[in-house]
Amino acid sequence: MNRLTALLNPKSVAVIGASSRIERAGHVVMKNLLTAGFNGVIMPVNPRYSSVCGVLAYRNIESLPLVPDVAILCTHASRNVELIQQLADKGVKFTIILSADMYSATAQGETINAHCQEIAKRTGMRILGPNSLGVILPWVNFNGSFSPTTAKRGNIAFVSQSAAVCTTMLDWANDKGIGFSNFISLGNASDVDFAELLDYLSVERHTTAILLYIDSIRDARRFMSAARAAARNRRILVVKSGRTLTGTRATHQHTGGMESFDIVYDSAIQRSGMLRVYTMHELFAAVETLTHTVPLRGERLAIMTNGGGPAIMALDTLLEKGGKLAQLEPTVIERLNEQLPESWSHSNPVDIVGDADAKRYIVTLDALLDSDNIDAILIMLSPSAIADADETAQGIIEFIQRDGRAKKFNILTNWSGEQSVHSARNRFNQAGIPTYRTPESAVSAFMHLVEYRRNQKQLMETPTNTESLQYGHLDAAHHWIEDKLNNVSKVDLETHQIKPLLHAYEFDLLATYVASDASEAVHLANQIGYPVALKLHSPDIMHKSDVQGVMLNLRNAQEVASAAQAIIDRTELSYPAAHVQGLQVQAMASTTGAEELRVKVIQDAIFGPVILLGQGGSDWREHSDAVASLLPLNTTLARYMIIRALKQGKVRLQKGHAQFDKIKLAELLVRLSQMIIECPQIETLDIHPLLATKERFTLVDVDLTLCQFSGDGQSRLAIRPYPTELISHWIDKQGDPVTFRPILPEDEPRHADFIRQVSKDDLYKRFFNEVGEFNHEALANMTQIDYDREMAFVAVQDNCIIGVSRALINPDNTNAEFAILVRSDLKSRGLGKQLLNRAIQYCRDKGTATISGMTMPSNQGMITLAKHCGFTVEIYLEDGVAELSLPLHE
Numbered sequence: 103m104n105r106l107t108a109l110l111n112p113k114s115v116a117v118i119g120a121s122s123r124i125e126r127a128g129h130v131v132m133k134n135l136l137t138a139g140f141n142g143v144i145m146p147v148n149p150r151y152s153s154v155c156g157v158l159a160y161r162n163i164e165s166l167p168l169v170p171d172v173a174i175l176c177t178h179a180s181r182n183v184e185l186i187q188q189l190a191d192k193g194v195k196f197t198i199i200l201s202a203d204m205y206s207a208t209a210q211g212e213t214i215n216a217h218c219q220e221i222a223k224r225t226g227m228r229i230l231g232p233n234s235l236g237v238i239l240p241w242v243n244f245n246g247s248f249s250p251t252t253a254k255r256g257n258i259a260f261v262s263q264s265a266a267v268c269t270t271m272l273d274w275a276n277d278k279g280i281g282f283s284n285f286i287s288l289g290n291a292s293d294v295d296f297a298e299l300l301d302y303l304s305v306e307r308h309t310t311a312i313l314l315y316i317d318s319i320r321d322a323r324r325f326m327s328a329a330r331a332a333a334r335n336r337r338i339l340v341v342k343s344g345r346t347l348t349g350t351r352a353t354h355q356h357t358g359g360m361e362s363f364d365i366v367y368d369s370a371i372q373r374s375g376m377l378r379v380y381t382m383h384e385l386f387a388a389v390e391t392l393t394h395t396v397p398l399r400g401e402r403l404a405i406m407t408n409g410g411g412p413a414i415m416a417l418d419t420l421l422e423k424g425g426k427l428a429q430l431e432p433t434v435i436e437r438l439n440e441q442l443p444e445s446w447s448h449s450n451p452v453d454i455v456g457d458a459d460a461k462r463y464i465v466t467l468d469a470l471l472d473s474d475n476i477d478a479i480l481i482m483l484s485p486s487a488i489a490d491a492d493e494t495a496q497g498i499i500e501f502i503q504r505d506g507r508a509k510k511f512n513i514l515t516n517w518s519g520e521q522s523v524h525s526a527r528n529r530f531n532q533a534g535i536p537t538y539r540t541p542e543s544a545v546s547a548f549m550h551l552v553e554y555r556r557n558q559k560q561l562m563e564t565p566t567n568t569e570s571l572q573y574g575h576l577d578a579a580h581h582w583i584e585d586k587l588n589n590v591s592k593v594d595l596e597t598h599q600i601k602p603l604l605h606a607y608e609f610d611l612l613a614t615y616v617a618s619d620a621s622e623a624v625h626l627a628n629q630i631g632y633p634v635a636l637k638l639h640s641p642d643i644m645h646k647s648d649v650q651g652v653m654l655n656l657r658n659a660q661e662v663a664s665a666a667q668a669i670i671d672r673t674e675l676s677y678p679a680a681h682v683q684g685l686q687v688q689a690m691a692s693t694t695g696a697e698e699l700r701v702k703v704i705q706d707a708i709f710g711p712v713i714l715l716g717q718g719g720s721d722w723r724e725h726s727d728a729v730a731s732l733l734p735l736n737t738t739l740a741r742y743m744i745i746r747a748l749k750q751g752k753v754r755l756q757k758g759h760a761q762f763d764k765i766k767l768a769e770l771l772v773r774l775s776q777m778i779i780e781c782p783q784i785e786t787l788d789i790h791p792l793l794a795t796k797e798r799f800t801l802v803d804v805d806l807t808l809c810q811f812s813g814d815g816q817s818r819l820a821i822r823p824y825p826t827e828l829i830s831h832w833i834d835k836q837g838d839p840v841t842f843r844p845i846l847p848e849d850e851p852r853h854a855d856f857i858r859q860v861s862k863d864d865l866y867k868r869f870f871n872e873v874g875e876f877n878h879e880a881l882a883n884m885t886q887i888d889y890d891r892e893m894a895f896v897a898v899q900d901n902c903i904i905g906v907s908r909a910l911i912n913p914d915n916t917n918a919e920f921a922i923l924v925r926s927d928l929k930s931r932g933l934g935k936q937l938l939n940r941a942i943q944y945c946r947d948k949g950t951a952t953i954s955g956m957t958m959p960s961n962q963g964m965i966t967l968a969k970h971c972g973f974t975v976e977i978y979l980e981d982g983v984a985e986l987s988l989p990l991h992e
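Residue numbers (our numbering): 103 to 992.
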């Protein structure tokens with residue numbers, strides 16, 4: 103049972119502050135509970151009333167006849183500390199706080215909310231809110247909210263931090279006839295948060311899609327882990343407020359959450375396999391699409407229309423958003439030539455001319471459904487005196503319902519207009535076919551499906567720590583960092599000072615040195631070779647351009663001497679108090695045909711270290727002129743980042759320049775990712791610029807900030823990287839070496855080969871079923887795992903997998919389910935015991951309470967091994983199972 107079950111499937115509720123006064127929240131909540139038809143126990147609490155809304159009232163919490171599953175606090179914030187303590191003393195496990203004014207200070211100096219949270223944490227109570235609208239659970243007839251409207255039954259779960267967005271969504275959904283499985287107002291989410299709800303909703307039987315309205319999140323690791331797990335089972339859409347810096351600060355004031363750049367949230371949402379929409383209008387359109395459509399099989403769209411102008415608007419929107427227009431096969435065009443007037447468009451968009459009637463629409467659709475080049479079809483109609491909108495819509499609906507081919511396509515409709523087509527759009531809604539008022543909104547809705555599909559592909563990319571990259575000087579780099587931080591808490595370094603670190607990670611850095619005066623600058627320039635650049639080196643002057651502190655393309659000693667003295671003279675004149683540390687003398691990079699990029703690592707307050715990629719320039723704004731990516735990266739994820747930067751115009755390729763190698767840039771970003779992971783002392787790193795040519799990427803100027811760091815370096819990351827620390831080695835009973843390590847995404851082909859060498863009998867005992875060839879999706883789920891909540895150890899010998907143990911930990915960390923599979927021809931070598939012991943130790947280190955498993959009574963080898971490792975074994979012959987259990991902590 104999930105720990106939120108009592109909250110989201112309650113059998114009893116107490117309304118604290120229930121009221122007979124219609125303007126009070128306590129009255130609205132009582133009325134909503136009664137109107138919804140909740141079959142559980144409703145207990146109003148208020149000393150002023152003997153009954154509320156006809157229900158016997160209780161004077162205080164202590165006098166309640168039973169402990170409610172949920173208590174709803176409808177009281178003023180000033181009373182809530184006392185009431186929370188009383189509820190905790192009563193043993194109430196879940197409380198919903200409606201009050202918004204919970205951040206006033208108490209007599210002890212802390213806020214009311216902090217005091218309530220402290221009581222809850224100490225007593226094991228969970229709090230939803232404060233500033234919550236409440237919860238509506240249509241499938242159990244529970245409306246514990248003060249919303250003016252209720253929710254119909256459906257299969258979408260909605261979770262929002264904004265009460266106003268909740269009421270807006272309810273009003274729209276009721277008009278459209280769209281229902282919900284769970285409708286949850288988080289409020290400020292001081293305790294119960296998105297992560298826990300995603301874990302619950304991802305397995306809740308009535309929920310097929312989840313909508314989130316997010317102001318901010320608190321625990322990035324927990325959120326990312328839950329979101330990535332939920333996105334494999336449910337479609338998840340996200341609206342994130344605070345897209346601008348000002349909006350981000352307003353969000354911080356609204357919920358009290360930490361500030362984070364919007365581009366970082368963008369990266370997190372994509373990386374989780376969720377879909378972000380940017381406005382409520384987009385959200386409504388996306389809900390309609392995801393509610394009524396089958397999963398997208400591909401991205402190629404065909405547009406069928408009776409008007410050229412609207413079709414062009416649809417086409418423009420499609421191409422602007424990066425969509426793909428389907429190309430019609432000659433056979434389809436030939437068939438349409440036979441059915442349509444000669445003046446039809448003879449291409450996609452398929453313009454079937456303004457006098458098209460229902461029959462023409464149907465024969466056209468019939469032909470398109472035979473195409474192998476089409477994945478989705480947008481059917482458009484503009485009001486016509488010839489064709490009746492209702493009749494055409496009904497004809498299309500009946501055709502789609504009786505033609506089995508239609509189930510393989512995503513079909514969307516756009517009946518433009520208002521009065522004359524309103525009835526037709528209602529028909530599509532009732533038939534479960536997505537329909538939209540404008541061409542642009544229809545195509546935008548289709549592109550939501552496309553973006554969702556693309557994000558799901560990213561979700562299947564589990565990052566690794568790129569252990570295949572070998573560096574010879576990593577120890578030296580780490581010693582160098584320790585030396586720089588010796589007896590200081592923080593240090594800022596420039597290009598010439600950080601060469602050892604950059605060279606250790608194989609970055610190509612321009613030769614850079616510092617001269618104390620003009621004569622030393624000439625000496626260094628002669629050593630480097632001409633041409634060179636001179637740059638002022640002063641911590642007190644932020645912009646070198648203020649004193650013309652950068653001189654380029656100096657071609658001989660005389661030019662260097664003159665430029666050096668001129669920079670020093672200008673600095674002394676303009677900034678007489680500035681501390682000048684010297685002049686940087688740097689080789690001149692060839693900028694011919696090169697793109698100037700900017701790569702920066704920042705520490706995000708929520709998501710930890712983040713890599714930014716953009717065009718750069720003197721007016722570069724990191725919050726808006728870059729794309730962001732969470733760490734860790736692998737080559738595929740880095741390539742996605744580069745493509746996003748190009749698509750969004752954050753990197754703009756110059757005309758006439760040879761395009762840089764995206765794979766090589768991706769490899770550079772992966773090395774940067776690895777450096778940041780392995781060196782937690784790196785606070786910020788700014789490469790400005792990174793010169794990118796067809797084959798070479800050169801770091802020109804680099805700024806680095808190091809800070810002292812203690813503890814687990816990986817704890818900074820929103821996504822746990824590949825745990826190289828869990829790699830170990832062993833010699834089997836035959837004297838052969840075996841490596842045990844966590845599974846890698848790249849293990850998919852090796853894992854497939856391993857399964858082929860396991861007997862059918864062993865596979866049956868492992869999976870309790872006959873299994874055939876595993877497809878890519880099944881193998882990807884086995885090899886691309888979230889290391890934060892699941893572990894799979896593989897035994898590797900001669901680069902082949904010969905055994906696997908798995909431990910899947912529930913979100914509460916109370917139990918881990920384990921399973922073991924060893925290659926059938928390599929049993930009795932002790933592999934099983936080694937694999938099981940590693941799974942046990944992993945769970946023990948994570949603080950998991952119990953590890954358990956299930957096998958068949960006939961699998962005596964597994965049962966004997968489990969007993970040997972301390973498991974208790976319960977055999978249920980009538981059910982054909984043996985349950986294995988081992989407590990991991992006293």
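The C-beta atom is built at its ideal place from N, Cα and C for all residues, glycine as well. Everything numeric in this text was worked out from a predicted model, so none of it was measured.
Sequence-distant residues of the same chain with beta carbon closer than 6 angstroms to residue i, five excluded per side
| i | result |
| --- | --- |
| R908 | A894 and A921 |
| S206 | I214 |
Coil, strand or helix - residue i by DSSP
| i | result |
| --- | --- |
| R337 | strand |
| V131 | helix |
| T446 | Here the sequence assigns Trp to residue 446, which means Thr is not the residue at that position. In this structure, W446 counts as coil in the three-state DSSP scheme. |
| Q532 | helix |
| G716 | strand |
| W274 | helix |
| V802 | coil |
| P451 | coil |
CB contact flag (residue i, residue j, <7 angstroms)
| i | j | result |
| --- | --- | --- |
| C971 | L933 | no |
| L288 | A328 | no |
| P847 | G815 | no |
| R105 | D914 | yes |
| R255 | W241 | yes |
| A311 | R337 | yes |
| A508 | I502 | yes |
| I186 | I221 | yes |
| R925 | Q836 | no |
Nearest-angstrom beta carbon gap, residue j and residue i [assumed within contact, 8 angstroms]
| i | j | result |
| --- | --- | --- |
| S954 | L986 | 6 angstroms |
| S518 | P541 | 7 angstroms |
| A491 | A388 | Wrong, their Cβ atoms sit about 25 angstroms apart, outside the cutoff. |
| G246 | I199 | Not quite, the Cβ-Cβ distance comes to about 12 angstroms (not below 8 angstroms), so this is no contact. |
Sequence-distant residues of the same chain with beta carbon closer than 8 angstroms to residue i, five excluded per side
| i | result |
| --- | --- |
| S473 | A404, A428, L430, E431 and V434 |
Backbone CA spacing between residue i and residue j [nearest angstrom]
| i | j | result |
| --- | --- | --- |
| P839 | T807 | 43 angstroms |
| G695 | R798 | 11 angstroms |
| E384 | G193 | 43 angstroms |
| P250 | N531 | 25 angstroms |
| K113 | L514 | 41 angstroms |
| L770 | F609 | 8 angstroms |
| T564 | T795 | Low local confidence applies: a pLDDT of 49 at T564 is under 50, so the model's placement there is unreliable, with the coordinate-based value given in what follows. Computed Cα separation, rounded: 29 angstroms. |
| E569 | T826 | Its pLDDT being 45, under 50, E569 is placed unreliably by the model, and nothing is read from it. |
| I704 | T786 | 5 angstroms |
| H790 | A635 | 15 angstroms |
| I833 | E780 | 29 angstroms |
7 angstroms Cβ cutoff, residue i in contact with chain C
| i | result |
| --- | --- |
| Q503 | Absence of chain C from the displayed structure is noted, only one protein chain being present. |
Cut-off 7 angstroms between Cβ atoms - residues of its own chain near residue i, not counting five sequence neighbours on either side
| i | result |
| --- | --- |
| T107 | none |
| D849 | T885, V896 and I903 |
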